[in-house]
Amino acid sequence: MSTNTALPVIDPKAPFQAEFQPVIDDLKRYLISGLGKNLQSIYLFGSVARKKARIARSNIDVVVLTHQALSSKDASLVKTIKWRFAREYPQITGVSLQFGEIGEVLSLEGIFTWGFMLRHCCVCIHGEDVSDRFGEFEPSWEIAKQWNMDVEEWLTIYRNKIAKAENLAEQIKAQQVIAKKLLRASYSLIMYRDKNWIENPIECGKVFLTYYPKKKVEIQRLVVLLSGKPVPKRSVIGILDDYGKWLVKAYQRTEFRIG
Numbered sequence: 001m002s003t004n005t006a007l008p009v010i011d012p013k014a015p016f017q018a019e020f021q022p023v024i025d026d027l028k029r030y031l032i033s034g035l036g037k038n039l040q041s042i043y044l045f046g047s048v049a050r051k052k053a054r055i056a057r058s059n060i061d062v063v064v065l066t067h068q069a070l071s072s073k074d075a076s077l078v079k080t081i082k083w084r085f086a087r088e089y090p091q092i093t094g095v096s097l098q099f100g101e102i103g104e105v106l107s108l109e110g111i112f113t114w115g116f117m118l119r120h121c122c123v124c125i126h127g128e129d130v131s132d133r134f135g136e137f138e139p140s141w142e143i144a145k146q147w148n149m150d151v152e153e154w155l156t157i158y159r160n161k162i163a164k165a166e167n168l169a170e171q172i173k174a175q176q177v178i179a180k181k182l183l184r185a186s187y188s189l190i191m192y193r194d195k196n197w198i199e200n201p202i203e204c205g206k207v208f209l210t211y212y213p214k215k216k217v218e219i220q221r222l223v224v225l226l227s228g229k230p231v232p233k234r235s236v237i238g239i240l241d242d243y244g245k246w247l248v249k250a251y252q253r254t255e256f257r258i259g
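Heads up: the sequence shown at position 236 corresponds to 236 in the numbering used here, and the numbers run straight through without jumps.
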């Protein structure tokens, strides 16, 4: 258990992995050219930002801050980027783009979502880095619930995706996404007690088990789903229904107790 209170930040000076630098450079050019004066800042988050991405296993996660809402032309740009980068860069599995208007980002309501994300999970690669407008965050239930109180919604969406999957590849892709979400949400349930922030889903599961050792079998099953191993569809849905229901209730109980 960490004795530090302030959460770590990603070193902005550490170089990105060489295999992903061309993707980053090309993505910046597309966004700068396409968004023009509406562009405020570009950030990376996820494994590429942390310099721990795996070739052909990781996607590139991007946060784009704009001055105003996206136009229909901007929406078309997003589709073009996703299509082109999926074709031209085999070292990534795709591009995930998240947009925020600067006024919303810097608002009081955005502190535990945008503020925490930019300060502790992102690296600015273009424009003004507004993360320095937020102080350092400490592990708290407020952060955990802002990021994971939607776990019930995720379970519904991905349960349906898995149930309707027409082939094994489609099923595996969906089960990996929801397994990652559940492992991270499991850790977030106890983050305010552990006084840390962990993004690696497998490590999230390991630390969670130090507080809930009786959930060892369930966490092991989620790790199997995350690994991409073929699992019968009925078994995957059973895991989501069983552990997912428990996790949702655990969040509700904690919210009731802490508020």
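Every residue, glycine too, gets a C-beta built ideally from N, C-alpha and C.
- CA-to-CA, the gap between Val177 and Ser33 works out to about 31 Å.
- Ala174 is positioned such that its CB atom lies closer than 8 Å to that of Ala165.
- Residue nearest to Trp114 within the set Lys233, Glu128, Gln146 is Gln146 (criterion: CA-CA distance).
- The alpha-carbon separation between Thr210 and Met191 amounts to approximately 12 Å.
- Gly244 is the residue among Ile258, Ile55, Gly135, Gly244 whose C-alpha sits nearest the C-alpha of Val151.
- The three-state reading of DSSP puts Val231 in coil, since its state is none of H, G, I, E or B.
- Leu106 sits in coil when the DSSP states are folded into three classes, being neither helix nor strand.
- Boundaries of the alpha helix (DSSP H) around Tyr30: 21-35.
- DSSP places Phe137 in no alpha helix (DSSP H); its state is neither H nor E.
- Membership of Cys204 in any beta strand (DSSP E) is not indicated; the residue belongs instead to the alpha helix (DSSP H) covering 201-211.
- In the three-state scheme derived from DSSP, where H, G and I count as helix and E and B as strand, Gln68 is classed as coil.
- The straight-line gap separating the alpha-carbon atoms of Leu240 and Leu77 is approximately 35 Å.
- Under DSSP, Cys124 shares a beta bridge with Tyr43.
- Put simply, the backbone Cα of Leu39 is about 6 Å away from that of His67.
- Following the DSSP letters along the chain, one finds Ser96 inside the beta strand (DSSP E) bounded by residues 95-101.
- Shortest Cα-Cα distance from Lys73 to any of Gly36, Phe85, Lys181 involves Gly36.
- Contact annotation: the stretch 104-114 does not touch the stretch 13-27, with fewer than three C-beta pairs closer than 8 Å.
- Between Ile111 and Tyr43, the gap from beta carbon to beta carbon reaches 8 Å or more.
- Out of Lys206, Arg84, Lys161, Ser41, the CA that lies nearest to the CA of Gly127 is found in Ser41.
- The three-state secondary structure of Asp194, taken from DSSP, is helix.
- Collapsing the DSSP output to three states places Asp61 in a strand.
- Annotation for Gln146: the continuous alpha helix (DSSP H) segment containing it runs 141-148.
- Ser58 sits close to Ser47, with the two beta carbons spaced by under 8 Å.
- The residue from Pro12, Tyr251, Gln21 with its alpha-carbon nearest to that of Glu142 is Tyr251.
- Excluding the 5 residues flanking it on each side, Ser188 has same chain C-beta neighbours closer than 7 Å at Ala144, Trp147, Asn148, in chain order.
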